[in-house]
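Chemist: Okay, so the sequence shown: first residue is 59 according to this note's numbering, each after it adds one. Cβ atoms here follow ideal geometry from the backbone N, Cα and C, with glycine treated the same way. Computed from a prediction, not measured in an experiment: that's the story for all the values here.
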Amino acid sequence: MIYTKFLEWAIARLESELGLQPYPIPEGFAQKTATVKRGKESGEVTTTSYGACHAKLRQIRAAAVDGGTALQVLNFVISPHWDYDLPFFGADLVTLPGGHLIAIDLQPLFPDADYRARYGAPALAVWERYREALPWGGDFPEEAKPFFSPAFLWTRPTATEVVETTVFAAFQEYLQVYMDLVKAATPVPNRRADILAAQHRYQAYRAVKDPARGMLTRFYGEEWTERYIHGFLFDLAQVMPPT
Ligand code: DBV
59 MIYTKFLEWA IARLESELGL QPYPIPEGFA QKTATVKRGK ESGEVTTTSY
109 GACHAKLRQI RAAAVDGGTA LQVLNFVISP HWDYDLPFFG ADLVTLPGGH
159 LIAIDLQPLF PDADYRARYG APALAVWERY REALPWGGDF PEEAKPFFSP
209 AFLWTRPTAT EVVETTVFAA FQEYLQVYMD LVKAATPVPN RRADILAAQH
259 RYQAYRAVKD PARGMLTRFY GEEWTERYIH GFLFDLAQVM PPT
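1) Any heavy atom of the ligand DBV closer than 8 Å to the Cβ of residue 59?
2) Assign residue 108 to one of three DSSP states: helix, strand, or coil.
3) Helix, strand or coil: which one does DSSP assign to residue 291?
4) If you check the beta carbons only, do residue 239 and residue 299 fall under 9 Å apart?
5) Is any heavy atom in the ligand DBV found nearer than 8 Å to the beta carbon of residue 289?
6) Hey, out of 176, 194, 222, whose CA is closest to residue 236's CA?
7) Which residues bound the alpha helix (DSSP H) around residue 179?
8) Return the CA-CA distance between residue 292 and residue 72, expressed in angstroms with no decimal places.
9) Determine the burial state of residue 229: buried for a count of at least 16 other Cβ atoms within 10 Å of its Cβ, exposed for fewer.
10) Between the C-alpha atoms of residue 195 and residue 189, what's the straight-line distance to the nearest angstrom?
11) Look up residue 95 in the DSSP assignment and give the residues it is bridged to.
12) So is residue 170 buried or exposed if we call it buried at 16+ other beta carbons inside 10 Å?
13) Opposite residue 90 in the DSSP bridges: which residues?
14) According to DSSP, is residue 139 helix, strand or coil?
15) To the nearest angstrom, how far is it from the Cα of residue 252 to the Cα of residue 99?
16) Is it right to say residue 256 is buried, meaning 16 or more other beta carbons lie within 10 angstroms of its own, or is it exposed?
17) Using C-beta distances below 8 Å, list every residue in its chain close to residue 193, excluding the 5 sequence neighbours before and after it, in chain order.
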């Protein structure tokens with residue numbers, strides 16, 4: 059699995075720099091396998107979930123899809139606790155028969171200049187260093203733009219080697235920037251209502267627009283997929299219903 063080392067590095071680094079607590083993975087989601095047709099042959103597709111948390115990070119979770127060399131996915135999202143105005147960390151690392159699709163960002167809660175300066179600037183310095191090696195991946199839905207920062211890394215490398223080297227290095231740097239922000243963050247409970255509203259907007263968008271919905275539904279059926287999306291991948295509305 060091409061993205062195993064990404065997740066292993068992330069967990070090890072989060073553990074050593076921040077310390078992690080477990081996050082419950084609901085029944086039936088830890089590992090799910092289906093047998094699927096691939097042309098004349100059939101093969102297995104396994105989706106494995108990972109979860110952790112931290113005093114400042116409500117949920118650290120990953121979904122890894124392994125369907126052989128032509129289908130590999132690591133979707134990794136860190137959702138801060140609502141007493142912190144930290145951005146989300148989001149990585150969508152996808153390998154399909156046509157090539158690789160890479161999205162990495164520190165996804166902002168608020169659009170104002172002060173927020174951007176505090177939380178956008180450090181990642182922007184990383185983005186600047188990779189923009190030539192990992193050029194802009196093109197077409198991107200207009201409606202998604204509020205959820206991305208100017209440091210959004212969106213690229214479609216054709217060579218697997220680029221993913222294993224340059225993308226891996228960029229992933230590490232983005233996560234390092236994020237961990238530094240987490241370490242420095244102090245609670246702002248007086249802003250809780252605004253933070254929760256912004257977190258709900260983000261999670262609702264991701265749950266409704268999940269680009270993996272079609273694929274997961276084909277493999278595991280609609281009932282399992284909807285429970286997985288709302289009950290684990292983007293679970294804020296279940297954990298803390300919007301008011
Ligand atoms: N994407 C998810 C989750 C996934 C997942 C939870 C469990 O949010 C995988 C798996 N993303 C996934 C797959 C595809 C994409 C595509 C399987 C391919 C879908 C296909 O071609 O059938 C970034 N991911 C995409 C696309 C974008 C993103 C823009 C292309 C969409 C399209 O072509 O329709 N995902 C999107 C995003 C973030 C993210 C903006 C933030 C970092 O995680």
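Modeler: Reading off the structure:
1) By one-based count along the sequence shown, residue 59 stands at place 1. Residue 59 Cβ: outside cutoff for every heavy atom of the ligand DBV.
2) Translated into positions along the sequence shown, residue 108 becomes position 50. Of the three classes helix, strand and coil, the one that applies to residue 108 here is strand, per DSSP.
3) Locating residue 291 in the sequence shown gives position 233, where the first residue counts as 1. In this structure, residue 291 counts as helix in the three-state DSSP scheme.
4) Taking the sequence shown and counting its residues from 1, the one referred to as residue 239 is at position 181. Taking the sequence shown and counting its residues from 1, the one referred to as residue 299 is at position 241. Not in contact: residue 239 and residue 299 (Cβ atoms no closer than 9 Å).
5) Along the sequence shown, one-based indexing puts residue 289 at 231. Checking every heavy atom of the ligand DBV against the Cβ of residue 289, none is found closer than 8 Å.
6) Numbered from its first residue, the sequence shown carries residue 236 at position 178. With distances taken between Cα atoms, residue 236 lies closest to 176.
7) Translated into the one-based positions of the sequence shown, residue 179 becomes position 121. Boundaries of the alpha helix (DSSP H) around residue 179: 179-188.
8) Translated into the one-based positions of the sequence shown, residue 292 becomes position 234. Translated into the one-based positions of the sequence shown, residue 72 becomes position 14. Counting only the Cα atoms, residue 72 lies some 20 Å from residue 292.
9) As a working note, residue 229 is residue 171 in the sequence shown. By the Cβ-count criterion, residue 229 is buried, with 16 or more other Cβ atoms from all chains shown falling within 10 Å of its own Cβ.
10) If you number the sequence shown from 1, residue 195 lands on position 137. If you number the sequence shown from 1, residue 189 lands on position 131. Approximately 11 Å between the Cα atoms of the pair.
11) Working through the sequence shown from its first residue, we reach residue 95 at position 37. DSSP output for residue 95 lists 100 as bridge partner(s).
12) By 1-based counting over the sequence shown, the position of residue 170 is 112. It counts as exposed.
13) For the purposes of this step, residue 90 is identified with residue 32 of the sequence shown, where counting begins at 1. Bridge partners of residue 90: 105.
14) Position 81 of the sequence shown holds residue 139. DSSP places residue 139 outside both helix and strand once states are collapsed to three, so it counts as coil.
15) To locate residue 252, count along the sequence shown from 1; it is residue 194. To locate residue 99, count along the sequence shown from 1; it is residue 41. The alpha-carbon atoms of residue 252 and residue 99 are separated by roughly 51 Å.
16) For this step, residue 256 is matched to residue 198 along the sequence shown. So residue 256 counts as buried.
17) The residue labelled residue 193 in the question sits at position 135 within the sequence shown. Closer than 8 Å at the Cβ level, and outside the excluded window around residue 193, lie 213.
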